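Some notes on the structure that comes next.
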Amino acid sequence: MSNEGRNPELRAQFDINYYQFLDNQGTLKNSLPTYLEDDKLQVALYRQMVLTRLLDAKCIALQRTGKMGTYPSTLGQEAVGVGIGYAMTKQDVFAPYYRDMATQLIRGVKIKDILLCWGGDERGNQSEQTPFDLPCCVPIATQVTHAAGIASAIKIRHEKHAVVSTLGDGATSRGDFAESINLAGAWQLPLVVVINNNQWAISVPREVQTAAQTLAQKGIAGEVRCEQVDGCDVLAVYDAVKRALAHAYEGKGPTLIEAITYRLCDHTTADDATRYSPSDGLKKGWEKEPIKRYRSFLHSKKLWDEHKETALFEQCEQQINTAVQEYLDTEPQPPEAMFDYLYEELPRSLKEQRQQLIDKTREAQP
Amino acid sequence: MSNEGRNPELRAQFDINYYQFLDNQGTLKNSLPTYLEDDKLQVALYRQMVLTRLLDAKCIALQRTGKMGTYPSTLGQEAVGVGIGYAMTKQDVFAPYYRDMATQLIRGVKIKDILLCWGGDERGNQSEQTPFDLPCCVPIATQVTHAAGIASAIKIRHEKHAVVSTLGDGATSRGDFAESINLAGAWQLPLVVVINNNQWAISVPREVQTAAQTLAQKGIAGEVRCEQVDGCDVLAVYDAVKRALAHAYEGKGPTLIEAITYRLCDHTTADDATRYSPSDGLKKGWEKEPIKRYRSFLHSKKLWDEHKETALFEQCEQQINTAVQEYLDTEPQPPEAMFDYLYEELPRSLKEQRQQLIDKTREAQP
Amino acid sequence: MNHAANTETVNATENSFESAKDPVKESSQEITMVEAVNLAMAYEMRMDENVVILGEDVGTNGGVFRATDGLKAEFGLRRVMDTPLAETLIAGITVGMASQGLRPIAEIQFMGFIFATMEHIICHAARLRNRTRGRLSCPMVLRAPFGGGIHAPEHHSESTEAIFAHTAGLRVVVPSSPVRAYGLLLAAIRDPDPVIFLEPKRIYRISKQTIEDNGEALPLDVCFTLREGQDITLISWGAMILETLQAANQLTESGHSVEVIDVATISPLDIDTILSSVKKTGRCVIIHEAAKNCGVGAEISAQISERALLSLQAPIKRVTGYDTIMPYFRNEKYYMPSTKDIVKAAMETLHYE
Amino acid sequence: MNHAANTETVNATENSFESAKDPVKESSQEITMVEAVNLAMAYEMRMDENVVILGEDVGTNGGVFRATDGLKAEFGLRRVMDTPLAETLIAGITVGMASQGLRPIAEIQFMGFIFATMEHIICHAARLRNRTRGRLSCPMVLRAPFGGGIHAPEHHSESTEAIFAHTAGLRVVVPSSPVRAYGLLLAAIRDPDPVIFLEPKRIYRISKQTIEDNGEALPLDVCFTLREGQDITLISWGAMILETLQAANQLTESGHSVEVIDVATISPLDIDTILSSVKKTGRCVIIHEAAKNCGVGAEISAQISERALLSLQAPIKRVTGYDTIMPYFRNEKYYMPSTKDIVKAAMETLHYE
Ligand SMILES: Cc1ncc(C[n+]2csc(CCOP(=O)(O)OP(=O)(O)O)c2C)c(N)n1
Ligand SMILES: Cc1ncc(C[n+]2csc(CCOP(=O)(O)OP(=O)(O)O)c2C)c(N)n1
Ligand SMILES: [Mg+2]
Ligand SMILES: [Mg+2]
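Protein chains in written order, with my numbering: chain E, 13 to 378; chain V, 13 to 378; chain B, 12 to 364; chain D, 12 to 364.
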């Protein structure tokens, strides 16, 4: 039984578009808008991607040597984080998930703080440099709802900036995401939501997560402007977020961006992707990765060379090593610190527990 | 800043269609498929809508006279419930929300049981006639997730029937709905979800609930077949659900149907819609209501006349009055009944509480 | 796509954020508890432009219990927001708003629908300050009418305060009279940390009290001793204070001197007030409507016997709802603890030797 | 639109529902707790084709802790289902499946992510039988690894069993050894009512026990007395049984006779076993990792002092997590109760006069 002969009326129509400038080889497929023809910006994006990748490798090494906890690598996804970070202004607010070290660095979070955070120390989230940004968020997709709340606050206060929030492909299955997208449309919130579609949610492939042809189309449910972008093309990501932010600043409402990447690493250092991921996916993923193609592009524009590359690597290593040392030198918080930020003022009933803890740990130290 | 000059690739496209046979006057706008040219069926649908409306009025009267609790009227939305009820087979499973008395009656739930339910007695949900259907569901949208689970069970067991679940327009904002639609698409579940878009969620109008032009388009998020139907046209509803069920039986997956209606009543007997609803909406709503137009249609086909109408009303009144009497004659459950269906077997630790309750109520009776 | 969309909810500029009126000086009035809730919110919205309200049907409809009646008219769409129907969303955006220094008051229509908020409340509202070592905080109030006894449909009668009380980083506050509703809600709104404010809807309109609308808050984190006595301590909160006071009256008539404590802030618990009372009376009955097993009564009882075992002249009794599901309303009366139950438990405690 | 879509998850017919293999008779083996969990599920899936597994990463990956390792290979896609990433969905479809007579076992990856399931668990799983007066029921198991001490990131260390214990209509079960994991999980799967099965992940692999894979369940709703003694009763469950037994050893060495009770079924509580022990010993310490305030320890303490006040020779002590948020892992050790804490509390209790 089909709808044959029913003669329905067409009520609505939707398109999903895909944006890309650089192909896998770093060749320009579409000409850049003038504002992107900015050598300084173009080089800065590269430098930041390299810093991200080197820091990422260091984090894994620290974890493997017992100096840090479980860590979620950003390998292969640097263009998303860097594109977002550069597109945002200081006034905008960032509501990250846990794989967003790249953007956090650009926002001003110190490397040491990122290490502290994954090293099991809350002080990693204290960053004064980002007074309004949220810390990295572990419960999947909840940050998008907070972002919608922040965007509401901006609107309530007649302010002009916007909020950017990120999530993974798997996270798009959670109700929090759908509810927030719906609100963003209904309230025309200054909100940009970027999906880092790295094709995996731990072991669950993107196709098992949803039948949707694109993740971008999930914006249609809330009448939210939505598009796909090559997430391994830092210029395309930067441009998509810039356009979305401009849209938001003008009061025209939210955007959902699906950035297509590939997770070139285990889910986290606690994961072993060889259990579930066929290696040809990884091979294809490496062909698309963001840094190599972008370096080719810069080379072709004569903005980059081997010399600069070596210097950059050295500089990054040094920056990272200094921060690692700072991290390793950081004394742990005193035990009773677990009481000290529970409430603005510790309720009377908890003072006794706090004192017990102090006494107990003092006892333990001869 | 727009996407001008970016030259995007089109990745996906979606249409939302609207189906209707009868217009507000009961004139056929589109010719009926042959299987709908069935006099017996056509009359049955009418009779059932009238029964529903009369029972609905009785429920409100019972509530107003203190003989029943808060009750959610189906006034104006009878075509949705009746269309669904007739389209389903006995083997299909129904997962209703709370405004689904119309369908429940067709499924075999006794009028007395419906009254018991709204009269504050769990036995109203005991209906043997519907061994697998869920009882009416109060927490908004949760029934859709249960329905997805039931559809999964059907698929796991290689069975051939399907599940129908309903919800309101407001309920489409809940994550449960979005998560279930996504699963239905991903697992290609034999699931039909029908939105009774009666334009209000208590006091919140449909346009405040979401910016989506149609609620049907929320299916796109999960790549679920989706369409709009005139929910005041019982033939269109019946046909849409029949088509969706056929699709499901063939293993082709789920459908989301948005049935457009208008709530011609307060949200429930505890509500006062004049506080928030402008009366012109109500006036327009009455112009579209399902029974009058359908009676015109039957008249025009010589399937109905005043005589039949009077007889039907009398018959319904009698059926309802008998059931009301049965309901009023039903003794309440004994107090300890609150323990008797908590677990299959009452855990030892609760036996004492149960006995205390029995002793206490016995004491109270001299 | 249509991006114009609905902008009704927060776009309007009339009655907007900036145009908050000057506080209206109202003198004392006789009002119900639900009116007191309304009055407290209105007061604080006039005083602090960061206070905003959101929830289902809180706007034009004024809330299904009318707790927000008139507030949209006075403060406008930007400060009194009808949200889409999604409790997870309500809780999550409230956290987001609070993280930026607003002081949002979210309404959950009935406590039976609060469960979808729990991830945001437990994982975020309660932890934002701690997680950021004080950089961000979450000065929000989550209001919900709770409790049974109003002949409501299923899911409209829950009392699950214990679930929130078990969560560090939250405050759980329950008023038991118009005066305490006014004073405690003001305190909750002003509190720099998240407060779950549970309103016993059975007593929303059961009586009136004279309230001076002067913005004076009552203290959080303390119990209120409603009546002093020597022989026995009755401890309760919320709607059950009604039956508890009735029981106290009957016990007094039969010659006993009864102390009645309204816990008010369920968590963190003011155990000192409770302990000094029980140390004085040596006998104690705890009364709550929620199920007994792992209810807040268990914590109070455990603390008393841990800290004042030797003062106890009789075992502590708990008079509570049963460990069952609240029956549909035809039988709900059998679930609710009654004055008689309290009197009986108190008499047994008083006569225990 | 593309309706072919992904059909990998439940469409495949190889290894399908009908082709369940005959039970493999395996003899006794030395295994860890997480292996015992796996073994119990495999056993019951072979025996009962209604048993299915669902959750995040439970398929090819075998679960992040490998609890479902090999099960997809043996039982196929229709019976071992990777769900989309949505806990509310997982709980809700599990309820739907169970309502039709399947016996689904859902895995929540970590208890810290269980909050989104609560509406379905509290409002539906726990109430389906009651609501339909026995017409429908909800024979499901919700498994979740829980507790801290494994140096995990934030939200991976929660112990909120009290929240579920407060909910009538549920069972809350916690194993503390491979043998009890095997026997109790089998019982939970076969139980006709919903069971929250919390697995203390800190002891998932800490030791091995010999298990006869014979499908013999252990009883629910009863405590296990792990060690008999005369002087004091230590009551605990889950991972803290480890420290509790260590403490018992130390106390025994210093000449005390210690009874150790593993509560195992947290709710409904087998208070009889606890009471007869405490009536014998007169002294008691309750140990749990969860926060103290309104934890399950409060209920146990309250019931003991209500029902055995005169037997108590010392106040009951609770050794628990603090009423704080579990610190990030660098300081988590300060949160966790230690053997030393238990010994200290026990000694104080023993020497109380
Ligand atoms: C609510 C919740 N459920 C489960 C988890 C465990 N978990 C951590 S990451 C992850 C997969 C996330 O996949 P995706 O959203 O695609 O993001 P990615 O890690 O691939 O960037 C899961 C299931 C969690 N952190 N939060
Ligand atoms: C989870 C939850 N939140 C809130 C409510 C209270 N409530 C009952 S009906 C309703 C509005 C529902 O509107 P809609 O989905 O459009 O269905 P309608 O009643 O209009 O048919 C609300 C908010 C509820 N029952 N469940
Ligand atoms: Mg991913
Ligand atoms: Mg509606």
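Using N, Cα and C, we set each Cβ at its ideal position, and we do this for glycine too. Bear in mind that the values here come from a model prediction, so they are computed numbers and not experimental data.
Kindly list, in the order they appear in chain B, the residues whose Cβ is closer than 7 Å to that of N194 of chain E.
Working through the first sequence from its first residue, we reach residue 194 of chain E at position 182. Ordered by position in chain B, the residues that pass the 7 Å Cβ test against N194 of chain E are P95.
Look at the alpha carbon of L280 of chain D and the alpha carbon of D273 of chain D, and state the distance between them as a whole number of angstroms.
Locating residue 280 of chain D in the fourth sequence gives position 269, where the first residue counts as 1. Locating residue 273 of chain D in the fourth sequence gives position 262, where the first residue counts as 1. Their backbone Cα atoms lie some 11 Å apart in a straight line.
Any heavy atom of ligand 2 closer than 7 Å to the CB of Q116 of chain V?
Taking the second sequence and counting its residues from 1, the one referred to as residue 116 of chain V is at position 104. Q116 of chain V: no, Cβ never under 7 Å from ligand 2.
Anything in chain B within Cβ reach of P147 of chain E, meaning under 9 Å, just list it in chain order.
Taking the first sequence and counting its residues from 1, one reaches residue 147 of chain E at position 135. The contacting residues are L139, R142, T143, R146, L147.
Is D283 of chain B close to chain D? Criterion is C-beta to C-beta, closer than 8 Å.
Residue mapping note: residue 283 of chain B aligns to position 272 of the third sequence, counting from 1. So no, D283 of chain B is outside the interface.
For ligand 4, is there any heavy atom lying closer than 7 Å to the beta carbon of G132 of chain V?
Here residue 132 of chain V corresponds to residue number 120 of the second sequence, with the count starting at 1. Result no, Cβ not under 7 Å from ligand 4.
For the segment 105-123 of chain D, enumerate the residues whose C-beta is nearer than 7 Å to any C-beta of chain V, in chain order.
T105, V106, G107, M108, S110, Q111, L113
Contact between the segment 201-220 of chain V and the segment 261-278 of chain V: three or more CB pairs below 8 Å?
yes
Per the DSSP calculation, P217 of chain V is bridged to which residue(s)?
On the second sequence, residue 217 of chain V is found 205 positions in, with the first residue counted as 1. For P217 of chain V, which the question treats as bridged, DSSP gives the partners V:W212.
Nearest residue (CA-CA) to D204 of chain B, options B:V190, B:P211, B:V269, B:V184
For this step, residue 204 of chain B is matched to residue 193 along the third sequence. For D204 of chain B, the nearest C-alpha among the options comes from B:V184.
Taking a cut of 7 Å between CB atoms, which residues from the segment 26-37 of chain E lie near chain V?
F26, D27, I28, N29, Y30, Y31
Can you look up L34 of chain V in the DSSP assignment and give me helix, strand or coil?
Locating residue 34 of chain V in the second sequence gives position 22, where the first residue counts as 1. Three-state DSSP puts L34 of chain V in a strand.
Tell me, to the nearest whole angstrom, how far the beta carbon of V175 of chain E is from that of A256 of chain E; I am working on the premise that it is less than 8 Å.
Position 163 of the first sequence, counting from 1, holds the residue named residue 175 of chain E. Position 244 of the first sequence, counting from 1, holds the residue named residue 256 of chain E. Incorrect: roughly 11 Å between the Cβ atoms, too far for contact.
Cutting at 6 Å between CB atoms, please list the residues of its own chain near L67 of chain V, excluding the five before and the five after it.
The residue labelled residue 67 of chain V in the question sits at position 55 within the second sequence. So the qualifying residues of the chain are I332.
Answer yes or no: the CB of P151 of chain E versus the heavy atoms of ligand 1, is any distance below 7 Å?
Here residue 151 of chain E refers to the residue found at position 139 of the first sequence. The answer is yes for P151 of chain E.
Please say whether T79 of chain D and E98 of chain D have beta carbons closer to each other than 8 Å?
On the fourth sequence, position 87 is the one that residue 98 of chain D refers to. On the fourth sequence, position 68 is the one that residue 79 of chain D refers to. Not a contact, by the Cβ cut-off of 8 Å.
By how many angstroms is the C-alpha of Y346 of chain D removed from the C-alpha of A302 of chain D?
Residue 302 of chain D sits at position 291 when you count from the first residue of the fourth sequence. Residue 346 of chain D sits at position 335 when you count from the first residue of the fourth sequence. In a straight line, the C-alpha of A302 of chain D is about 9 Å away from that of Y346 of chain D.
Just checking: is the beta-carbon of M350 of chain V within a distance shorter than 8 Å of some beta-carbon in chain B?
As a working mapping, residue 350 of chain V is identified with position 338 in the second sequence. Chain B contact via Cβ: present.
First and last residue of the beta strand (DSSP E) that includes M100 of chain V?
In the second sequence, the residue the question calls residue 100 of chain V occupies position 88. Careful: M100 of chain V lies outside any beta strand (DSSP E) and carries neither H nor E.
Check the Cβ of V330 of chain D against every Cβ in chain E and list those closer than 8 Å, keeping chain order.
Within the fourth sequence, residue 330 of chain D is the residue found at index 319, counting from 1. Neighbours of V330 of chain D on chain E: none; closest Cβ ~11 Å, over 8 Å.
F10 of chain B, DSSP secondary structure in three states:
The requested residue 10 of chain B does not occur in the structure, where chain B is confined to residues 12 to 364.
Does Y346 of chain B have its Cβ less than 8 Å from a Cβ in chain D?
The residue labelled residue 346 of chain B in the question sits at position 335 within the third sequence. Not closer than 8 Å to any Cβ of chain D, the Cβ of Y346 of chain B fails to qualify, so no.
For G123 of chain B, which residues from the same chain have a beta carbon less than 6 Å from its beta carbon, with the 5 sequence-adjacent residues on both sides left out?
For the purposes of this step, residue 123 of chain B is taken as the residue at position 112 of the third sequence. Here the set comprises H166, H167, E169.
Just reading off the alpha helix (DSSP H) that T334 of chain E is part of, what are its end residues?
Against the first sequence, residue 334 of chain E aligns to sequence position 322. Taken as a continuous stretch (DSSP letters only), the alpha helix (DSSP H) holding T334 of chain E covers 318-341.
Output the residues surrounding ligand 5, defined as those with a CB atom closer than 7 Å to any ligand heavy atom, in chain order.
Ligands present in the displayed structure are limited to ligand 1, ligand 2, ligand 3 and ligand 4, and ligand 5 is not among them.
Here's the rule: buried if 16 or more other CB atoms are within 10 angstroms of the residue's CB, otherwise exposed. What is N13 of chain B?
One-based indexing of the third sequence puts residue 13 of chain B at position 2. Bear in mind that a pLDDT of 38 at N13 of chain B, under 50, signals an unreliable position, so the number given afterwards is only what the model happens to contain. Its Cβ having fewer than 16 others within 10 Å, N13 of chain B is exposed.
Is the distance from the Cβ of Q261 of chain D to the Cβ of V330 of chain D below 8 Å?
Taking the fourth sequence and counting its residues from 1, one reaches residue 261 of chain D at position 250. Taking the fourth sequence and counting its residues from 1, one reaches residue 330 of chain D at position 319. No, the Cβ-Cβ distance between Q261 of chain D and V330 of chain D is not below 8 Å.
Reference T39 of chain E, options E:P45, E:K313, E:Q367, closest by Cα
Walking along the first sequence from the start, residue 39 of chain E turns up at place 27. If we check each option's Cα against that of T39 of chain E, E:K313 comes out closest.
Neighbouring residues, chain E, relative to A163 of chain D (Cβ below 7 Å)
For this step, residue 163 of chain D is matched to residue 152 along the fourth sequence. Going along chain E in sequence order, the residues near A163 of chain D (Cβ under 7 Å) are T82.
State the Cα-Cα distance for the pair L195 of chain D and T77 of chain E, rounded to the nearest angstrom.
Here residue 195 of chain D is taken as the residue at index 184 of the fourth sequence, counted from 1. Here residue 77 of chain E is taken as the residue at index 65 of the first sequence, counted from 1. Cα-Cα distance, rounded: 38 Å.
In three-state terms, what does DSSP make of P302 of chain V?
Against the second sequence, residue 302 of chain V aligns to sequence position 290. It is helical.
Those runs of the alpha helix (DSSP H) which lie wholly inside the segment 136-161 of chain E and span at least 4 residues:
none
Contact defined as beta carbons within less than 8 Å: I believe E270 of chain D pairs with S288 of chain D. What is the distance between those atoms, to the nearest angstrom?
Sequence index remark: in the fourth sequence, residue 270 of chain D carries index 259 (1-based). Sequence index remark: in the fourth sequence, residue 288 of chain D carries index 277 (1-based). At roughly 5 Å, the Cβ-Cβ gap stays under 8 Å, so E270 of chain D and S288 of chain D are in contact.
Are the CB atoms of C295 of chain D and I315 of chain D nearer to each other than 8 Å?
Mapped onto the fourth sequence, residue 295 of chain D falls at position 284. Mapped onto the fourth sequence, residue 315 of chain D falls at position 304. Yes, Cβ-Cβ distance for C295 of chain D and I315 of chain D is below 8 Å.
Assuming P189 of chain B is part of the alpha helix (DSSP H), what are its boundary residues?
In the third sequence, residue 189 of chain B corresponds to position 178, counting from 1. Segment 189-201, the alpha helix (DSSP H) holding P189 of chain B.
Sequence-distant residues of the same chain with beta carbon closer than 7 Å to L113 of chain B, five excluded per side
Looking up residue 113 of chain B in the third sequence gives position 102. Counting only Cβ-Cβ distances below 7 Å, and skipping sequence neighbours, we find N61, V63.
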